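Input: a single structure, listed below in structure tokens.
Residue numbers (the numbering used here): 3 to 106.
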């Protein structure tokens, strides 16, 4: 029975929004954010965190799939808008390590 004040909810929303911007590509980063946000509003970390870990593992698979899908759709849109494809890249423009040659 922890009662949160309205300012706690505002703080939770702000922290969740701002911290999630930079941690999107990091797998299971929401677990760290959950601990950080809970402790910042005064909610103790109890055994219930183990339940969150078990559920988040499953949800993280969906977040990763959505993130990868978004990246793929974004690259297709950019390719259609600019007309630049992989065929337009010339081998001499590539880094020697990528070409498979020794670096100069």
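For glycine and all other residues, C-beta sits at the position ideal for the given N, C-alpha and C.
Keep in mind it's a predicted model, so treat the numbers as computed, not measured.
With contacts defined as CB atoms closer than 7 Å, residue 62 and residue 30 qualify as a contacting pair. CA-CA distance, residue 9 to residue 15, rounds to 10 Å. In the three-state reduction of the DSSP assignment, residue 8 falls in the helix class. For the pair residue 88 and residue 73, the Cα-to-Cα distance works out to about 16 Å.
The residue among 45, 24, 70 with its C-alpha nearest the C-alpha of residue 6 is 45.
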